[in-house]
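As numbered in mature numbering (1 follows the signal peptide of the UniProt record, and there is no 0), residues -16 to -1, 1 to 232 make up the sequence shown, in order.
Just so it is clear, CB atoms sit at the ideal spot from N, CA and C, and this is done for glycine as well.
Treat the numbers as computed from the prediction; the structure is a model and nothing was measured.
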Amino acid sequence: MKILVVLSCMVGISLAEIVDRPFFMQPCSRSDPNRNECVRSSIEKFFIGLEKNPTYYSDLKFEPLEYGPITFAYDYENFLKGFMKFNNCKCYGLQDAKVLKTKTYFSDKEIKIHALLKHPKLWVNGEYEANGELQPLKYANSGTFNVTILDVTAKWTVKGTVVNRNGEDFLNIDYFDINPDAKGMKFAATGTRPNDLFLKTLVEFINQSWRPFYEVLIPETRKQWDPVFKQLSNRIIKNIPYKQLSLP
């Protein structure tokens, strides 16, 4: 009798680990000659489905994307240089994406997806700490910031392997890289020190010459984004059988 109870519990656990894919998640066939277009459409429809069904994944938070802290250095020709730390960052606009194209590799053992996405705008707010030099003065300040990134093109690279659990195959995402490029950026900040000449000068320098600031900010941001996106992806698909995601 005890053996039957144990077996029943094991079966129950096994069944509980399997869920159907969301109705707004479109499967694609590995043998389809138009698989790249199918995957492109599937990603885009999934974003739309998330927006229309915000409570479908009640335990997951897609937007805003929360991350931090991020620490980075900046140097404007030795005149204005120092370090900034961004805390409690919240990014908006990631779901408002147009998937331009994809290139894919699917087998019964692994997947690889290269995708190009377009975001009209991303914006990030949070808290900052700043320390540095405004020749010949040293400064320190803290407060809140807002970064608006315009006309963003993001390259995705996603890799996953098929793993077997209790006789059923599932997909596990092993690697998720996002590399965004932008056509413009606006930075704003308020500090705890009123009428702070340094903060005003820093904001003006960043907005007048935003590309160097962007190029030191994004690599540090990517270090935060990539594990978050990998974790989110795995929490979405971990209990959906691979045969429901990738058809023969």
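{"Asked": "Taking the runs of the beta strand (DSSP E) that are 3 residues or longer, which of them lie wholly in the region 70 to 112?", "Found": "82 to 90"}
{"Asked": "Closest to F7 by CA distance: which of P164, R19, F30 and E113 is it?", "Found": "F30"}
{"Asked": "If we ignore side chains and look at the alpha-carbon of each, how far apart do L134 and G151 end up?", "Found": "47 angstroms"}
{"Asked": "Would you identify the three-state DSSP class for D59, choosing helix, strand or coil?", "Found": "strand"}
{"Asked": "Report, in whole angstroms, the separation of the C-beta atoms of A99 and W140, which I expect to be a contact under 8 angstroms.", "Found": "4 angstroms"}
{"Asked": "Name the residue from T55, T128 and I157 whose alpha carbon lies nearest to the alpha carbon of V212.", "Found": "I157"}
{"Asked": "Taking the alpha-carbon positions, what's the E111 to V200 distance?", "Found": "18 angstroms"}
{"Asked": "Quick one: what does DSSP say Y51 is sitting in, helix, strand or coil?", "Found": "strand"}
{"Asked": "What does DSSP give as the partner residues of Y41 in its beta bridges?", "Found": "None, per the DSSP bridge assignment."}
{"Asked": "Roughly how many angstroms separate the alpha carbons of I202 and P164, rounded to a whole number?", "Found": "8 angstroms"}
{"Asked": "Below 7 angstroms CB to CB, which residues in the same chain sit around G77 once its five sequence neighbours on both sides are set aside?", "Found": "H103, K105, L106 and W107"}
{"Asked": "With a 10 Å radius around its C-beta and 16 neighbouring C-beta atoms as the bar for buried, classify T86 as buried or exposed.", "Found": "buried"}
{"Asked": "At what residues does the alpha helix (DSSP H) containing E152 begin and finish?", "Found": "Looking at the DSSP string, E152 is not in any alpha helix (DSSP H); the run it does join, the beta strand (DSSP E), is E152 to D165."}
{"Asked": "F171 lies in the beta strand (DSSP E); which residues open and close that run?", "Found": "G168 to G175"}
{"Asked": "Is the region 121 to 129 touching the region 181 to 190, taking contact as three or more C-beta pairs under 8 angstroms?", "Found": "yes"}
{"Asked": "In terms of alpha-carbon separation, which member of Q79, K170 and R195 lies closest to V187?", "Found": "K170"}
{"Asked": "Using the rule of at least 16 other Cβ atoms within 10 Å of the residue's Cβ for burial, across every protein chain shown, is I32 buried or exposed?", "Found": "exposed"}
{"Asked": "Thinking N223 and V3 are a contact (beta carbons under 8 angstroms), I'd like their distance in whole angstroms, please.", "Found": "5 angstroms"}
{"Asked": "Around the Cβ of I(-4), are there at least 16 other Cβ atoms within 10 angstroms (buried) or fewer (exposed)?", "Found": "Residue confidence for I(-4) is low, a pLDDT of 37 falling below 50, so the modelled location carries little weight; the figure read from the coordinates is stated next. Per the 10 Å Cβ criterion, exposed."}
{"Asked": "Let me know the secondary structure DSSP gives R24 once reduced to three states.", "Found": "helix"}
{"Asked": "Can you tell which of F70, L64 and E61 has its C-alpha closest to the C-alpha of G52?", "Found": "F70"}
{"Asked": "Does the distance from the C-beta atom of T176 to that of G127 stay below 8 angstroms?", "Found": "yes"}
{"Asked": "Leaving out five residues on either side along the sequence, give the residues of the same chain with a beta carbon under 7 angstroms from the beta carbon of P225.", "Found": "I2, E152, D153 and F154"}
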